[in-house]
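Colleague: Submitted below is the structure of interest, expressed as structure tokens.
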Amino acid sequence: MGRIVLNRDRCKACYLCMDTCPKKVLEPDTTVNKLGYYPVKVSNEKECIGCAMCAKVCPDIAIEKVYR
Amino acid sequence: MNNKKQLLKGNYAIAQAAIEAGCQSYFGYPITPQSEIGEYLSTKMPELGRAYVAAESEVAAINMVLGAGSTGVKAMTSSSSCAVALMQEGLSFIAGDEIPCVLVSVMRGGPGLGYIYPSQGDYYQATKGGGNGDYKIVTYAPSSVQECIDLTYKCFHVSQKYRTPVCLLADGMIGQTMEPAVIGHYPYDEIDQSDWALDGAKDRKPRFIASIEREQETLRKRVVKIFEKYNKILENENIFEKYETEGAKLVITAFGSIARIAKAAVKMARKNGLKVGLFRPILVNPFPEKIVAEIAQKVDGILDIELNCGQMLQDIKASIAGAASIPVKFYGRPAGVMMTVEEIYKQIENVYKEIVEKKYGTACI
Amino acid sequence: MEQLVYNKPDSIKEDFKISFCPGCDHGIAVKLVAEVLDELNVREKTIGIASVGCSVFSYDFFNVDIVESPHGRSMAVATGVKRSKPDKVVFTYQGDGDLASIGIGETIHAMTRGEKVTAICINNTTYGMTGGQAGPTTLIGQVTTTTTKGRNPEIAGYPIKICEVLKELDGTAFVARVSVDSPAAITNAKKCIKKAFEAQLKGLGTGFVEILATCPTNWKMTPQQAHERVRGEMSEVFKPGIYKDRVSEAQ
């Protein structure tokens with residue numbers, strides 16, 4: 218079991234995290250954030266294994282914390 | 010030793026004064042006629058555990074100064090003419106960053122490579138700057154070896170007090186002249202730089218020293234604040250020499266090396282009964298406009314003498330505009346053979362005849 | 006019991022602002038530098054040099070003292086800082102235009118002197134901030150706003166191979182080229198950045214890491230396509246690897 222802390226208002230929708238996540242936990246949100254992007258959202262948290270690869274590849278430090 | 014009169018060469022005097030002032034970091038690249046400064050410091054600074062780096066260029070040297078100055082230490086570079094030209098970008102940044110530092114500029118003659126003859130052709134370079142944006146390089150111009158020492162101290166003090174780059178503007182003649190002088194000791198109190206300098210963000214928020222400012226109003230305010238400093242410097246740190254200006258009909262204006270020859274010519278003129286005085290600004294940037302205007306209101310003419318084609322002349326004219334309508338004559342030589350006392354005296358006599366005697370007749374002499 | 010396995014580094018400000026375009030590798034590089042400063046426990050004695058280009062906004066995110074440098078002069082500024090404060094940790098964060106074009110003189114000489122500083126260079130084969138013009142690392146054939154028919158070596162010369170040049174300098178102690186296009190690459194990049202700082206901390210000389218990075222905006226690619234390019238044609242010309250490692254030799 219894992220969990221991420223995502224600051225949706227920092228996300229610029231590059232989706233590098235989505236492509237990297239081995240469990241496909243993330244997907245684009247349907248509403249825009251403060252920056253005007255469709256940020257990622259956690260859609261499938263129970264699958265998260267807390268590998269932190271999403272945080273590692275995030276260029277905007279939008280994924281601030283990962284727990285396992 | 011420090012308080013004894015010694016026979017000193019201008020360049021060495023500047024270098025030793027920098028050490029006395031507590032200069033912690035020196036960066037430079039050789040260029041005549043100021044190479045002795047770097048040579049001297051290359052030995053002395055490491056002996057004292059201070060930094061000396063032979064920079065790969067003047068571009069690098071001034072940016073090393075920028076880095077060193079940002080840590081709050083007293084930092085200096087020295088150079089000349091075509092190489093000071095290479096430093097203009099860095100100087101603009103340093104002024105914008107509000108970093109204290111000292112630049113010693115020992116002028117050569119002529120544009121381009123010119124040559125090492127005494128010249129004051131870099132008055133514009135020092136006082137009008139070649140870097141971008143609204144800023145000034147505070148500039149002091151010595152006319153003797155003793156002043157090289159005293160003004161080096163002053164440059165460090167003013168730079169640290171106001172967090173601004175300060176230039177000591179000498180020329181080949183002063184740099185190479187040997188005459189008796191006293192090194193003495195740095196006469197100013199140390200100024201604490203710890204509230205802004207970079208030393209690692211320990212137990213405080215990180216600091217950022219930069220000229221970049223993305224917000225319009227903040228940028229405007231920053232430049233205005235920088236210019237307020239120049240006003241304060243002119244008010245509090247102005248130095249000049251007035252010689253026999255009281256009751257003078259004609260005042261000679263000159264700065265730096267040529268001013269001491271002009272002074273000898275003024276003495277000669279006084280001996281011959283001509284009512285002539287001398288005004289020598291030592292702080293040449295910001296320029297003491299008010300004092301020049303006040304003098305202009307009391308005299309019938311000004312004769313400006315420079316080792317160039319008339320650079321400070323423009324500041325003189327700007328100073329008296331609106332304050333007095335008197336003729337401003339100019340006698341200059343861009344480089345080459347140094348003017349003699351007799352030569353300047355001849356000019357004084359001619360101008361005196363033309364302006365003063367025409368007005369009052371010879372009787373007033 | 007839940008364990009924290011990733012946390013924003015302390016060397017990134019609390020109120021940080023990442024001002025780069027979406028998907029730009031700058032953000033990853035910045036984070037890695039910050040993580041290394043945390044791990045080496047040197048944040049409180051670090052002074053960073055912000056260069057000109059996209060990297061100028063270092064002060065928006067690095068939680069360390071920073072001084073801005075004129076374009077290309079970062080290694081000279083770093084020299085001035087380090088020589089004046091030898092006990093501080095000094096690093097530059099520069100683009101390839103800054104470090105290898107306008108600042109190649111300062112770079113080569115500071116590294117020849119073996120200044121005990123660390124230089125991080127982002128190589129994205131273009132001038133990003135000014136809108137994607139050809140730079141010193143632009144690949145042959147690459148289309149930019151100033152090589153509209155592709156870089157032609159007859160006209161524009163060849164891309165400079167930074168690591169291959171800098172490894173020859175006696176003053177460099179660690180020279181590596183990395184990429185950040187995958188979690189594995191990022192792990193490796195961080196190791197190299199750490200060594201580049203250790204080169205400084207151990208007093209061995211200059212530590213240098215060139216990071217092959219994307220510029221999706223100016224390359225007109227998605228971040229994913231851009232990473233493909235890094236792995237493909239960019240890595241063919243700019244071969245990733247450790248070019249010099251006196252840090253390991255010294256251990």
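Read top to bottom, the protein sequences are chains A, P and U.
Following this note's numbering, the numbering of the first sequence begins with 218 at its first residue and continues without gaps.
Following this note's numbering, the numbering of the second sequence begins with 10 at its first residue and continues without gaps.
Following this note's numbering, the numbering of the third sequence begins with 6 at its first residue and continues without gaps.
Don't be surprised by glycine CBs; every beta carbon is placed ideally from N, CA and C.
No experiment lies behind these values; they were computed from the predicted model shown.
#1: Restricting to runs no shorter than 4 residues, where is the alpha helix (DSSP H) found entirely within the stretch 247-334 of chain P?
#2: Which residue marks the beginning of the beta strand (DSSP E) containing residue 216(U), and which one marks its end?
#3: Mind checking whether residue 222(A) and residue 281(A) have CB atoms under 7 Å apart?
#4: What does residue 40(U) touch in chain P if you count any residue whose Cβ is under 9 Å from its own?
#5: Output needed for residue 263(A): all residues of its chain with C-beta closer than 8 Å, excluding positions within five of it in sequence on either side, in chain order.
#6: What are the residues in the stretch 247-264 of chain A lying within 8 Å of chain U by C-beta distance?
#7: Using a Cβ-Cβ cutoff of less than 7 Å, which residues in the same chain neighbour residue 9(P) once the five nearest sequence positions on both sides are dropped?
#8: What are the boundary residues of the beta strand (DSSP E) that includes residue 220(A)?
#9: Can you tell me whether DSSP reads residue 6(U) as helix, strand or coil?
#10: CA-CA distance, residue 104(U) and residue 88(U)?
#11: Please return the same chain residues whose Cβ sits closer than 8 Å to the Cβ of residue 136(U), not counting the five positions on each side in sequence.
#12: Skipping 5 residues on each side, what residues in its chain have a beta carbon closer than 6 Å to that of residue 56(U)?
#13: Flag this pair as yes or no: are the beta carbons of residue 256(A) and residue 228(A) separated by less than 7 Å?
#14: Given this structure, state the Cα-to-Cα distance separating residue 362(P) from residue 169(P), to the nearest angstrom.
#15: Does any residue of chain U bring its CB to less than 7 Å from the CB of residue 72(P)?
#16: Residues of chain U with CB under 9 Å from residue 98(P), in chain order?
#17: Is there at least one Cβ from chain U nearer than 7 Å to residue 209(P)'s Cβ?
#18: Leaving out five residues before and five after residue 252(A) in sequence, what residues of the same chain have Cβ atoms less than 6 Å from its Cβ?
#19: Evaluate residue 61(P) with the Cβ neighbour count: other Cβ atoms within 10 Å of its Cβ, from every protein chain shown; 16 or more gives buried, anything less gives exposed.
#20: For the putative contact between residue 310(P) and residue 185(P), defined by C-beta atoms under 8 Å, what is the C-beta separation to the nearest angstrom?
#21: My output table needs one value for residue 189(P): the three-state DSSP class, helix, strand or coil.
#22: Are the CB atoms of residue 57(P) and residue 189(P) nearer to each other than 7 Å?
#23: Which chain U residues are close to residue 283(A), counting only those with a beta carbon under 7 Å from its beta carbon?
#24: Have a look at residue 372(P) and residue 179(P) and give me their C-alpha separation to the nearest angstrom.
#25: Just verifying my parser: in three-state terms, what is the DSSP assignment at residue 117(U)?
#26: Would you mind sorting residue 171(P) into buried or exposed? The rule is 16 or more other CB atoms within 10 Å of its CB.
#27: In the DSSP output, what is residue 245(A) paired with across the bridge?
#28: Return the chain-ordered list of same chain residues with a C-beta closer than 7 Å to the C-beta of residue 68(U), the five sequence neighbours on each side being excluded.
#29: Taking the DSSP output, what are the residues bridged to residue 138(U)?
#30: For the stretch 19-63 of chain P, which segments carrying the beta strand (DSSP E) assignment without a break, of at least 3 residues, lie completely within its bounds, in sequence order?
#31: Under 7 Å between the Cβ atoms of residue 174(P) and residue 242(P)?
#32: So, is the C-beta of residue 102(P) closer than 7 Å to a C-beta in chain U?
#33: In chain U, which residues lie with their C-beta within 9 Å of the C-beta of residue 67(P)?
#34: For residue 149(U), report the span of its alpha helix (DSSP H) as first-last.
#35: The beta strand (DSSP E) with residue 181(U) in it runs from where to where?
#36: Is the beta carbon of residue 113(P) less than 7 Å from the beta carbon of residue 28(P)?
Modeller: In this structure, then:
#1: The qualifying runs are 265-280, 298-307 and 321-329.
#2: The count along the third sequence starts at 1 and reaches residue 216(U) at position 211. 211-217 is the span of the beta strand (DSSP E), which, as asked, contains residue 216(U).
#3: To locate residue 222(A), count along the first sequence from 1; it is residue 5. To locate residue 281(A), count along the first sequence from 1; it is residue 64. Going by beta carbons, residue 222(A) and residue 281(A) fall inside the 7 Å limit.
#4: By one-based count along the third sequence, residue 40(U) stands at place 35. What residue 40(U) touches in chain P: nothing, since even the nearest Cβ is about 17 Å away.
#5: Mapped onto the first sequence, residue 263(A) falls at position 46. Cβ within range, chain order: 218.
#6: Using a CB distance below 8 Å, the part of the stretch 247-264 of chain A facing chain U consists of 254, ordered along the chain.
#7: With chain P represented from 10 up to 374, any question about residue 9(P) goes unanswered, as that position is not in the structure.
#8: Locating residue 220(A) in the first sequence gives position 3, where the first residue counts as 1. In the DSSP assignment, residue 220(A) falls within the unbroken beta strand (DSSP E) covering 220-223.
#9: The residue you call residue 6(U) lines up with position 1 of the third sequence. In the structure shown, residue 6(U) sits in coil (DSSP, three-state: anything other than H, G, I, E or B).
#10: For this step, residue 104(U) is matched to residue 99 along the third sequence. For this step, residue 88(U) is matched to residue 83 along the third sequence. Residue 88(U) has its alpha-carbon roughly 20 Å from the corresponding atom of residue 104(U).
#11: Working through the third sequence from its first residue, we reach residue 136(U) at position 131. These residues qualify, in order along the chain: 150 and 223.
#12: On the third sequence, position 51 is the one that residue 56(U) refers to. Correct list, in chain order: 74, 79, 99 and 103.
#13: What you label residue 256(A) is simply residue 39 of the first sequence in a count that begins at 1. What you label residue 228(A) is simply residue 11 of the first sequence in a count that begins at 1. Taking 7 Å as the Cβ cut-off, residue 256(A) and residue 228(A) qualify as a contacting pair.
#14: Counting from 1 along the second sequence, the entry for residue 362(P) is found at position 353. Counting from 1 along the second sequence, the entry for residue 169(P) is found at position 160. Approximately 47 Å between the Cα atoms of the pair.
#15: Here residue 72(P) refers to the residue found at position 63 of the second sequence. Residue-level contact by beta carbon holds for residue 72(P) and chain U, with a gap shorter than 7 Å.
#16: Against the second sequence, residue 98(P) aligns to sequence position 89. Residues of chain U whose Cβ lies closer than 9 Å to the Cβ of residue 98(P) are, in chain order, 75, 76 and 78.
#17: In the second sequence, counting from the first residue as 1, residue 209(P) sits at position 200. Judged by the 7 Å Cβ criterion, residue 209(P) is in contact with chain U.
#18: In the first sequence, the residue the question calls residue 252(A) occupies position 35. Within the same chain, and ignoring the five residues on either side of residue 252(A) in sequence, no residue has its Cβ closer than 6 Å to its Cβ.
#19: Start at 1 with the first residue of the second sequence, and residue 61(P) comes out as number 52. Residue 61(P) is buried by the Cβ-count criterion.
#20: For the purposes of this step, residue 310(P) is identified with residue 301 of the second sequence, where counting begins at 1. For the purposes of this step, residue 185(P) is identified with residue 176 of the second sequence, where counting begins at 1. That belief does not hold up - the Cβ atoms of residue 310(P) and residue 185(P) are roughly 34 Å apart, past 8 Å.
#21: Here residue 189(P) refers to the residue found at position 180 when the second sequence is read from its first residue. In this structure, residue 189(P) counts as strand in the three-state DSSP scheme.
#22: In the second sequence, counting from the first residue as 1, residue 57(P) sits at position 48. In the second sequence, counting from the first residue as 1, residue 189(P) sits at position 180. In this structure, residue 189(P) does not lie closer than 7 Å to residue 57(P) by Cβ.
#23: Within the first sequence, the letter at position 66 stands for residue 283(A). Chain-ordered, the chain U residues with CB closer than 7 Å to the CB of residue 283(A) read 10 and 11.
#24: By 1-based counting over the second sequence, the position of residue 372(P) is 363. By 1-based counting over the second sequence, the position of residue 179(P) is 170. Here residue 372(P) scores only 44 on pLDDT, less than 50, and its place in the model is too uncertain to base an answer on.
#25: Taking the third sequence and counting its residues from 1, the one referred to as residue 117(U) is at position 112. Residue 117(U): helix per DSSP, three-state reduction.
#26: Start at 1 with the first residue of the second sequence, and residue 171(P) comes out as number 162. Classification for residue 171(P): buried.
#27: Here residue 245(A) refers to the residue found at position 28 of the first sequence. The secondary-structure analysis by DSSP pairs residue 245(A) across a beta bridge with 257(A).
#28: Numbered from 1 along the third sequence, position 63 holds the residue referred to as residue 68(U). Only residues of its own chain outside the window of five on either side were considered, and among them 15, 16, 17, 18 and 48 have a CB closer than 7 Å to the CB of residue 68(U), listed in chain order.
#29: Residue 138(U) sits at position 133 when you count from the first residue of the third sequence. Residue pairing for residue 138(U): DSSP places it in a beta bridge opposite 132(U).
#30: Those beta strand (DSSP E) runs which fall completely within the stretch 19-63 of chain P and span 3+ residues are 34-37 and 60-63.
#31: On the second sequence, position 165 is the one that residue 174(P) refers to. On the second sequence, position 233 is the one that residue 242(P) refers to. No, these two residues do not count as a Cβ contact at 7 Å.
#32: Within the second sequence, the letter at position 93 stands for residue 102(P). Residue 102(P) counts as touching chain U.
#33: Counting from 1 along the second sequence, the entry for residue 67(P) is found at position 58. The premise fails here: residue 67(P) is roughly 10 Å from chain U at the closest Cβ pair, so nothing lies under 9 Å.
#34: Here residue 149(U) corresponds to residue number 144 of the third sequence, with the count starting at 1. DSSP places residue 149(U) outside any alpha helix (DSSP H), giving it a letter other than H or E.
#35: Position 176 of the third sequence, counting from 1, holds the residue named residue 181(U). Segment 177-184, the beta strand (DSSP E) holding residue 181(U).
#36: By one-based count along the second sequence, residue 113(P) stands at place 104. By one-based count along the second sequence, residue 28(P) stands at place 19. Not a contact, by the Cβ cut-off of 7 Å.
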